[in-house]
Structures are given as structure tokens and as C-alpha cells.
Amino acid sequence: MNQPKQKQPITSLWDDEKAATMSEPELLLYRSNLLGSDLRITNFGGGNTSAKVMMDDPLTGDKVEVLWVKGSGGDLGSIKLDGFSTLYLDKLHALKKRYRGLEHEDEMVGYLPHATFNLNPRAASIDTPLHAYINKKHVDHMHPDSLIAIAATANSRALTEKIFEGVLGWLPWKRPGFDLGLDLEKLSTEQPHLKGIILEGHGLFTWGDTAKEAYETTLAIIKRAEEWLEANIAQPVFGGQKHQALPPAERAAFAAKLMPLLRGKISKTEYKLGHFEDSDTILEFVNSADLAPLAALGTSCPDHFLRTKIRPFVVDFDPTRPDFDAVAAGLDDALEAYRADYTAYYNRCKRDNSPAVRDANPIIYLIPGVGMLSFAKDKATARIAGEFYVNAINVMRGANGVDKYVGLPEQEAFDIEYWLLEEAKLQRMPKPKSLAGRIAVVTGGAGGIGQAVAKQLLSEGACVLLTDIDGGALEEAKSALAKVAGKDNVATITGNITSEEQVEAVFTESALRFGGVDLLISNAGIASSAPLEDTTVEVWDRNQDILVKGYFLASRAAFRMMKTQKLGGSMVFVASKNGLVASAGASAYCTAKAAEIHLARCVALEGAPLGIRVNVVNPDAVIKGSKIWDGKWKQERAQSNKIEADDVEAFYRDRSMLKRSVLPEDIAEAVYFLSSDKAAKSTGNVLNVDAGNAGAFTR
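UniProt numbering puts the first residue of the sequence shown at 1, with every later residue one more than the last.
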């Protein structure tokens, strides 16, 4: 059986020496970052922390009590002080007079801005009353798997009393908001000995008189829950093992083959990005006898299903008879059944004022013997959705191991998923960038043009996989680009594009990392210069291998994957002015570049019926940031033109009609244009970016 690896026990990271120098708001921040740094304590973006702090009123100068509480959005692990809302505590208590009952719950959110302290622009979250009305200085609201496991059992109240022996109180499920805040106030006031409260199906509230006490109480409660569950969990978990996991290489190969196919089927209205995981925790669940019935129950914690949908999609696959074609043949019907089920759920539960039904496609895909896929509109969201479903697996493992796991009632789940306040938050999201959800592979990614192209595509919302033969330079490029676009959106793989095997590995990585490919930027290159009589067969073959064979192999691999996805696509070949106009002393290079252009036209002919566009950008003398021009090529071109090497850039600039240097960023702009929907009606075309060269005018 694939048992999840034992994790290190949760221990306090509090540093008294460091904390001694901090103000109360700084201590809140310190505590929050410590709690948020461990996904066993709370999931990404989940949980809230607060502190009630005496401060000088900026208007009256009087001392007033201010609630500092995590604002709407954000993540505890990375939050800064400006991520907290600040509100007058007395005004929050005064809001109780305005409350008209559960039917008018949502209107209370509109009153929160009127309690803002010091004109703080950070919006207060729906959880603000949960912290305001607990009469304790420091409050934590966390979503640890172990506590949700207890909260999500059929007998969660009895288990709470048994495990915590009166230390924790218990409240029945209620949607977060004003009314729940009043319930928390009542229970914590009536039972002042409590150190916290479990909310059925949701999570944990704990508190303390100091920031350190609150932090260490939270950790102690979680540790107690973890230890009790592990000591009492029934074996075998999830009904025991039904399947053996495939070997790691076979799991990855299956996922890489399935992801582009699946992505194409769920991206008809919005491009999706994928994520693959096959950890021990996931494999234990997907290989279990109870996979299907447990998956059908859905998730319990609202934080989970808002990220994952209420239920996952279980792929009909038997790893003892790994037949990919059978899986592929059944996908359309299975996905249609899932969408129909989701639509029926919407129709059963919708209210008169419910928002319109959202994308009915699954987010989480569970594959026996293989692992888990997750798809969302961006890479980070897909990855985080997967993390949340791992949380859900841990909850089911703990709950079913000691009692009976219970998912959130369907109507309650719907009312949160289609909450008008949640819809308003979605409507405030910024408009997607022009390449949002697109996946680009850039060959020659470590060079000046490759990095500039990657940066441009990333800035427009694409995910980018860079490949290059220079592994060291590739890692430097990845590090620089990740600082601009985030580590989720940039990946690298060292590869030689003249190797069929290595090119296939590049596109396998693109499928595994992001889900497929939409854009190919063929940019890998070399340059050589020699009179014809001095051009060796070795030099000729090297130009043909890299500039022709390499472009062929990359375009063929991309074409196959784009054809599988049925989403169209775009390829841009970075060729050269020399592909259109010959240069003396560079026959091998010019011939290879001309072949690139003609290859692009041939692929454009075959790609058009599939919506795959292929175009060419022709640079000239892009010297800045170029590894080619830093080497032998500069000396060769200087000799050919009878100038000094230091004068090469000025020579090419002055030779152009516009008397301007061509930069990597100029090529990147052209590549972006041809890659994007701005050029949706352009294929088989050549765009010169050479500052003007009459000999290279296209005919």
C-alpha cells in the first residue's frame, strides 16, 4: 500500500528575541506569516488572523480599540501589514443594532466600510464579525486538515468533546457572516474557559491574550488532533487498496499524453492550464477501493470546494490494463455526463437571484494508478486547486478513519459557490490579458531574443517553457523571468533541438507542466561565415541540423500536440533577413535560413484547416544580448565587411535605411503580434524587423 510519508510534527517557530522588538500590529503580522508558512495549518489564501489593539484615533487623538484583521483576499504566508483591514471595534459592535436577521445577512457587509479606522483602503472580509465578536485580544481562524476531518464527521460534536475534553467548543455548520459572529460571541462568552471552537464542516477558531499565546494554542490544538487521529484511525484507509500505482515514468507518460487531449475538450470557451501531481497521498486515494463513492460525496470545507468544485471527475482507467485509446474514446461521454450532472445541481439549488451557471467542466481529475490532474484559467490556480484537493483527501482520510465522512449539504455548498458576494468578487477581477491561458514553447530561450520573447509573452499572460542547449544560461533566464512573471508561469528544460528524442521530451514537459502547447517560437540559432571554397561539410551540416532539422522537429512535435488539442495554435519562426537576401561569405547560413522560411510556408498550408497559423519574423543584426554575436560570428562578419569587430554594431545600424539598431525587444514585439489574436487572420507571412533593407523586401 502507498502510505503517505510521515511529516515532521508541527512545532513552534516563535522567536521571543525577535518578537520583543515588535509592536502589536507587527506581532500580528509575525504570527500570521508563521501560521501561513505551513499548509498543514491552513491552506493557501485560507484562514484569518486578528488582534484588537489600542491606538490613537487620528481624528480625536483619543485611545480607541481597533480590530486588525486579515483583509479580503491575500495569503497569510505572504501577507504584509497593508494586507490587514483596520476597523473601530466600538462601531463593529454598534452594527448589531442594524442587523435584521439571516435573510438580510449580506447587507451587513455594506456597513463594514463605515467602521474603517484611519481611512485604510484594504477591504474588510466577510469573516470580520467572526473575529470582532469573540471577546479575546488575539483570534486565529485556521483550516488544518486534522480539525476539518473532525468537523466533517457524522458525529463531529461528540468527537470534539471526546478528543479535547472541554477545551474546545462546537457549533453547527453556518455560512460565515454576521450571524455566525454572534454565535461565536455567545458560546465564547458563556464558556470563558474555552480555548477555541470547532465549526462543523469548516474549521477551527482559537484565541489567546497575547499573540504568542494565540499562536501556540493554535499549534497545540492542531497537534492534539493530528496525534489522536493517527492513533485511532482504522486500517485499511479508504477501504483498502484496489490498484497498484504505475511506475513513475509510466505515470508521467500517461499524464503527458492525456493532458493535451483533455485540455482541448474543456477549453472551448476559455483556455485552461493544467497541473499534474502523483504524491503518495494522492496515489493512496486514487488507488483505493472507496475512490468512487468518496469522490461522489464531494468536499466539506467551503475553502476546498470553491477551488475544486464540489466533486472531482474520476477517469475510467484500469492500470492493470493500461489502454489509453479506450480512455480517450470514452472521454467525451464522461465529460458530458459530468457537465450534465453539474447543470442539474445548479438547477436543483438555484434561487431567484442566483448568478448564471458557470463553467460546468471539472477542475480536479483523479486517475487510478496515475495521480491527479487539475485545470483552471491560470497555472497558479490550477496548482492551488490541486493542493486544496490534497487537503480534501487528508480530511476524508481522517474522518472516515475514525467515524463517517460527511460532505457539506448540497444546498449549502451551492449557496456558497453562487453567493452574490462571491459573484461580486469575481466580477471585480481584472480583465484577462491577451494571451491568458496560452502555453508557449520558446527554443533558444536562453539567448537575448529568446528571453525578450519570453518576457513579452509572459507580460501578456502566457505561460512559457524555455528550452536551450546551454543549461546554465537557461537557469539564469528562468530566475530572471520568474521575478517578473512568478515561478508558476515559467519553466525550463535543457534540450538539443537537433535530437528527435530531446525535442519530444521538450513537448512532453510542456504537457506535464502546463497541459499542452498553443504557441511555438522557433528561435534556436547559430551563425557561420566563410567563403564558399572555405565552407566545410561540417559547417554546412551544422547549419542544416540546427536551423532546418531543428525547426522541422520542433514544428512537427508542436503540430501534433496542437492537432490533438483541436484549439488551433500559432507558430512563429525567427529566421533572418538572410533568408530573403543572400550575403557573400555566408552560404551555409543563408541557405538554412531560406529553408526555414519555406518550411514555415509548408507548415502553414497543412495547419490552416486546423486553425494553426505559421508566420516568420526576419531580424537583422540583433547584436544586444546575443550569444551568437558575442562569439566567432562577430569576428567573421567584421572580416567579411573589412571593419573592426568593435565597429560591427555601428556598421549594421548605419547600413539600414532607418539608421537604427534592431533590439531583442523589437523582435519580441513582432513575435507577440503574430502569436496573438491580433494576427488571427495572418498565416504564411513574413515580417521583417531589420530597420529597413531594400534587398530583403518581400516579393
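Don't be surprised by glycine CBs; every beta carbon is placed ideally from N, CA and C.
- According to the DSSP assignment, residue 52 belongs to the beta strand (DSSP E) that extends over 48-56.
- The C-beta distance from residue 378 to residue 437 rounds to 7 Å, short enough to fall under 8 Å.
- For the 8 Å CB-CB criterion, residue 31 and residue 211 form a contact.
- Membership of residue 65 in the beta strand (DSSP E) is indicated by the continuous run 63-70.
- Cβ contact annotation for residue 496 (same chain, cutoff 6 Å, sequence separation greater than five): 469, 502, in chain order.
- Burial state of residue 587 is buried, judged by a 10 Å Cβ sphere holding 16 or more other Cβ atoms.
- For residue 561, the uninterrupted alpha helix (DSSP H) segment begins and ends at 550-565.
- Taken through DSSP and simplified to helix, strand or coil, residue 129 comes out as helix.
- In the three-state DSSP reduction, residue 259 falls in the helix class (H, G or I).
- Taking the Cβ atoms as the reference, residue 214 lies roughly 4 Å from residue 138, within the contact range of under 8 Å.
- Short of 7 Å from the beta carbon of residue 682, and not among the five residues preceding or following it, lie these beta carbons of its own chain, in chain order: 613, 615, 674.
- Counting along the chain, residue 475 sits inside the alpha helix (DSSP H) bounded by residues 471-485.
- Per DSSP, residue 334 is one residue of the alpha helix (DSSP H) stretching across 324-349.
- Residue 133 and residue 180 have their alpha carbons spaced roughly 10 Å apart.
- In the structure shown, residue 375 adopts extended strand secondary structure according to DSSP, grouped into three states.
- Taking a 10 Å sphere around the C-beta of residue 107, we find fewer than 16 other C-beta atoms and assign the residue as exposed.
- Assignment of beta strand (DSSP E) within the stretch 244-305, counting only whole runs of 3 or more residues, yields 273-277 in chain order.
- A contact between stretches requires three or more CB pairs, one per stretch, nearer than 8 Å, and the stretch 432-450 meets this requirement with the stretch 513-526.
- Pairing residue 223 with residue 327, the inter-Cα distance amounts to about 42 Å.
- Residue 509 is positioned such that its CB atom lies closer than 8 Å to that of residue 465.
- If you draw a 10 Å sphere on the C-beta of residue 396, you find 16 or more other C-beta atoms in it, and that means buried.
- Listed as beta-bridge partners of residue 140 by DSSP are 49, 206.
- By the criterion of a C-beta distance shorter than 6 Å, residue 392 is surrounded in its chain by 299, 304, once the five residues flanking it on both sides are discounted.
- DSSP places residue 615 in the uninterrupted beta strand (DSSP E) bounded by 612-619.
- For residue 522, the enclosing beta strand (DSSP E) covers residues 519-522.
- A buried status is given to residue 511, since no fewer than 16 other beta-carbon atoms sit within 10 Å of its beta-carbon.
- Rounded to whole angstroms, the gap between the alpha carbons of residue 428 and residue 578 is 49 Å.
- Take the alpha-carbon of residue 257 and the one of residue 418: they are about 34 Å apart.
- The three-state secondary structure of residue 365, taken from DSSP, is strand.
- The C-alpha of residue 198 is placed about 8 Å away from the C-alpha of residue 160.
- It is roughly 20 Å from the alpha-carbon of residue 233 to the alpha-carbon of residue 297.
- When beta bridges are read from the DSSP output, residue 666 appears opposite no residue.
- If you draw a straight line from the Cα of residue 208 to the Cα of residue 192, it comes to about 12 Å.
- Collapsing the DSSP output to three states places residue 241 in a strand.
- Residue 197 is bridged by DSSP to 169, 205.
- Taking every protein chain shown into account, the CB of residue 101 has fewer than 16 other CB atoms within 10 angstroms, so this residue is exposed.
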